[in-house]
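Heads up, the thing below is written out as structure tokens.
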Amino acid sequence: MVYQHSQVFSKEEQFGLTQQVRKSAISIPSNIAEGCGRNHTKDSLQFFYIARGSIYELETQLILANDLNYLKEESFVLLKEQVIRCKKLLNGFINYFTNQSNNEQLTTVNETIKEYGNIN
């Protein structure tokens with residue numbers, strides 16, 4: 003959607019805002035994918051936080067594009083709704099992985115206690 007709607011941006015912005023908006027949009031799923039490919043939950047979370055930062059970056063750029071009248075109002079509203087939806091989904095994903103990370107840490111502590119017993 004971002005690529006489609008950014009086609010109407012000013013030609014002067016081809017290497018400015020247009021490129022930045024598209025890079026931010028690409029960064030979101032790319033970092034989610036990289037996070038999913040990591041071996042440890044903590045590593046995964048780091049990439050999910052980067053993706054979340056890219057969502058906020060994209061949102062800011064879309065607001066700027068709207069302020070500069072590069073987007074039609076209906077396009078801006080549609081994109082803004084999708085950004086909000088993506089933020090909610092990614093925050094849910096981050097919360098899930100955070101809980102997984104906490105469970106992993108608890109499991110590791112419990113396994114260590116079982117292996118070594120109570121140390122006085």
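Residue numbering for the sequence shown follows the numbering used here, starting at 3 and increasing by one per position. We put the CB at the ideal spot given by N, CA and C, even for glycine. Computed from a predicted structure; not experimentally measured.
Residue of the options minimising C-alpha distance to residue i
i: N97; options: R54, S29 and Q16; result: R54
i: L70; options: Y5, E15 and Q6; result: E15
Cβ neighbours of residue i in the same chain (closer than 7 Å, five flanking residues each side left out)
i: I65; result: none
i: T114; result: Residue placement at T114 cannot be trusted, given a pLDDT of 47 that sits under 50; the coordinates are not used to answer.
i: A67; result: F11, L19, V23 and L73
C-beta atoms of residue i and residue j nearer than 8 Å
i: S32; j: F99; result: no
i: Q63; j: S29; result: no
i: Y51; j: V10; result: no
i: L92; j: M3; result: no
i: S8; j: K44; result: no
i: V85; j: I57; result: yes
i: F49; j: E61; result: no
Residues near residue i by beta carbon distance below 6 Å, same chain, minus five either side
i: R40; result: S46
Beta-carbon contacts of residue i that lie in its chain and below 8 Å, excluding the five residues immediately before and after
i: I34; result: F49, F50, A53, L92 and F95
Three-state secondary structure (DSSP) of residue i
i: G55; result: helix
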